[in-house]
Each structure stands twice: as structure tokens, then as C-alpha cells.
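Following: one structure in C-alpha cells, then a few remarks.
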Amino acid sequence: DAMVIQNPRYQVTQFGKPVTLSCSQTLNHNVMYWYQQKSSQAPKLLFHYYDKDFNNEADTPDNFQSRRPNTSFCFLDIRSPGLGDAAMYLCATSRTSGTASYEQYFGPGTRLTVT
Amino acid sequence: QQQVKQSPQSLIVQKGGIPIINCAYENTAFDYFPWYQQFPGKGPALLIAIRPDVSEKKEGRFTISFNKSAKQFSLHIMDSQPGDSATYFCAASIPGGSYIPTFGRGTSLIVHP
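For the protein sequence lines, the chains are A and B, in the order given.
92 is the number that my numbering gives to position 92 of the first sequence; each next residue is one higher, with no gaps.
20 is the number that my numbering gives to position 20 of the second sequence; each next residue is one higher, with no gaps.
As C-alpha cells, this is what we get:
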């Protein structure tokens with residue numbers, strides 16, 4: 001089945017040790033997103049790619065970076081994780097065509113623990 | 001500033017009850033209103049969505065009611081089941097460009113057997 005895949009599902013890293021989370025999609029969607037979700041909160045958008053164009057949210061810390069080497073893959077890099085970065089990280093995709101937008105499809109998430 | 005206000009924050013019903021979750025928005029440019037269902041440890045999944053040209057949409061046991069003049073929309077779950085226990089998020093988006101939904105804060109629903 002076409003889907004959004006995230007790896008790893010669980011990631012433990014040490015305070016300050018860089019970590020990379022990955023996302024791949026078989027939906028051929030042109031938009032990919034990274035969200036941070038903390039317990040009992042709504043997903044918070046960190047950034048998104050519209051095709052190759054990178055769009056950073058104004059309040060996303062510089063500690064978070066992203067790469068999209070091709071349509072199917074997107075990576076989230078956390079350069080120096082702090083305890084406050086422990087969260088679920090969700091990748092999502094959507095397809096846009098002109099002015100018509102389509103709904104998002106979320107991956108299962110990566111649960112990040114910072115020790 | 002929260003643009004989509006969701007209530008209640010938590011909701012407990014008995015099996016067979018009809019939980020209702022409400023959302024209100026301020027931006028009249030919103031034209032797409034989805035509801036997402038999220039189970040613990042999983043990503044959100046689209047449940048049902050509505051556009052403002054209709055006042056109601058039903059899919060199985062899930063119904064969205066939409067009141068454009070009041071800028072409110074709600075999710076009704078008919079004949080609720082314990083398997084419906086999850087967190088529900090309403091959202092709203094404006095047309096054009098990337099699809100960037102504005103999420104409500106979520107409602108934790110528990111359906112007791």
C-alpha cells in the first residue's frame with residue numbers, strides 16, 4: 001500500500017548528540033512536512049517543502065534542519081538535542097494541484113527521547 | 001493567537017452515546033475543515049472533512065455539522081464504540097499554495113464499554 005514511512009520509530013539520543021530522523025513516501029506527493037508533537041498537544045509545524053522549496057516556520061529553532069534530496073525522501077536533523085526536544089516527530093505529505101489542495105497523510109511518527 | 005478553538009478538551013461517554021466535539025474559527029478565508037483521529041503512539045489520520053458549501057457531511061457513524069454564519073463546525077460520533085477512544089483534532093485551512101492546516105488543541109475521547 002502507498003504510505004508514509006518513518007524511521008526509526010523510536011530514537012534515544014544523548015543531550016547534545018546530533019540525530020537524524022527519516023521519512024519516505026510512496027504517494028508521489030509534492031509537499032512534505034515535519035511536525036513536532038508533545039504529549040496532549042496538537043502537532044506543531046516545524047517546516048515544509050513545496051516541491052524543492054523549503055519553508056521554515058518563524059518560530060522553529062535553528063537547532064532543527066531539514067533536507068529533501070528527492071521527491072520521496074525527507075530528513076529532519078536535530079543538531080544539538082536538548083531535553084525539551086523530546087517529543088513525537090511526525091512526517092506528513094500532501095498533494096497540491098494549482099489552487100486545489102488535498103488533505104495530509106501522516107506517518108506513524110518517531111518518538112524521540114533525550115537522555 | 002489560536003485561530004481554531006476546540007472544545008471540550010476531554011470527553012467521556014458510555015458505549016452507544018453520541019459525543020460531540022465543537023470547533024470555532026475566526027478566519028473567514030478558511031475553506032476546508034478536516035477532522036483527524038489519533039490513537040496513542042500513532043500519527044493523526046484524516047477522518048472526515050467538509051467544505052463550507054455544505055452544512056452537513058456524513059461518513060458512516062461520523063458526521064460533521066457546519067454553520068458558516070456562526071463560523072463553527074462540530075463532529076458527532078453516532079453509536080460510539082470503545083474503539084473510538086482516541087484524540088480528535090479539528091483543523092482548518094485556506095486555499096492555494098501548500099496545504100497548511102491550523103489545528104485545534106484536540107479532544108481526548110474515552111468511550112466506556
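Each residue gets a CB set at the ideal place from its N, CA and C atoms; glycine is no exception.
Here the structure is a predicted model, which means the values were calculated and not measured.
Query: Looking only at its chain, what residues have a beta carbon closer than 7 Å to the beta carbon of A24(B), apart from the 5 residues adjacent to it on each side?; Result: K5, K71, Q72
Query: Does chain B have any CB closer than 9 Å to the CB of A42(A)?; Result: yes
Query: If you run the structure through DSSP and keep just helix, strand and coil, what is L83(A)?; Result: helix
Query: Does the Cβ-Cβ distance between F15(A) and Y33(A) come in under 9 Å?; Result: no
Query: Can you tell which of V54(B), R61(B), H76(B), L47(B) has its C-alpha closest to the C-alpha of N67(B)?; Result: V54(B)
Query: Which class does D51(A) belong to by DSSP, given the choice of helix, strand or coil?; Result: coil
Query: Mind checking if R51(B) is an interface residue toward chain A, Cβ cutoff 9 Å exclusive?; Result: no
Query: If you draw a straight line from the C-alpha of T110(A) to the C-alpha of F39(B), how long is it?; Result: 14 Å
Query: Sorted by chain position, which residues of the same chain lie with C-beta nearer than 8 Å to F62(B)'s C-beta, five sequence neighbours on each side aside?; Result: W35, L47, I48, L75, H76, I77, M78
Query: Going by DSSP in three states, P34(B) sits in which element: helix, strand or coil?; Result: strand
Query: When you compare each of Q3(B), G17(B), E26(B), S7(B) to D84(B) by their alpha carbons, which one comes out closest?; Result: G17(B)
Query: List the DSSP bridge partners of S66(A).; Result: L76(A)
Query: Pick from S24(A), R9(A), T13(A): whose alpha carbon is nearest that of M3(A)?; Result: S24(A)
Query: Near T113(A), what residues of its chain come up, given a Cβ to Cβ distance below 6 Å and the 5 sequence neighbours on each side ignored?; Result: V12, A86
Query: Can you list, in chain order, the residues of its chain whose CB lies under 6 Å from that of N27(B), leaving out five sequence neighbours each side?; Result: Q3
Query: State buried or exposed for I12(B), treating a residue as buried only when at least 16 other CB atoms are found within 10 Å of its CB.; Result: exposed
Query: Within the continuous beta strand (DSSP E) that includes K5(B), where are the two ends?; Result: 4–7
Query: Could you pull out every residue in the same chain whose Cβ sits closer than 6 Å to the Cβ of F103(B), ignoring the five residues on either side in sequence?; Result: F89, A91
Query: For G82(A), count the other beta carbons within 10 Å of its own beta carbon; 16 or more makes it buried, fewer makes it exposed. Which is it?; Result: exposed
Query: Which same chain residues end up closer than 6 Å to P114(B) when comparing Cβ atoms and leaving out the 5 residues on each side of it in sequence?; Result: An answer regarding residue 114(B) cannot be provided, because it is not within the stretch 1 to 113 covered by chain B.
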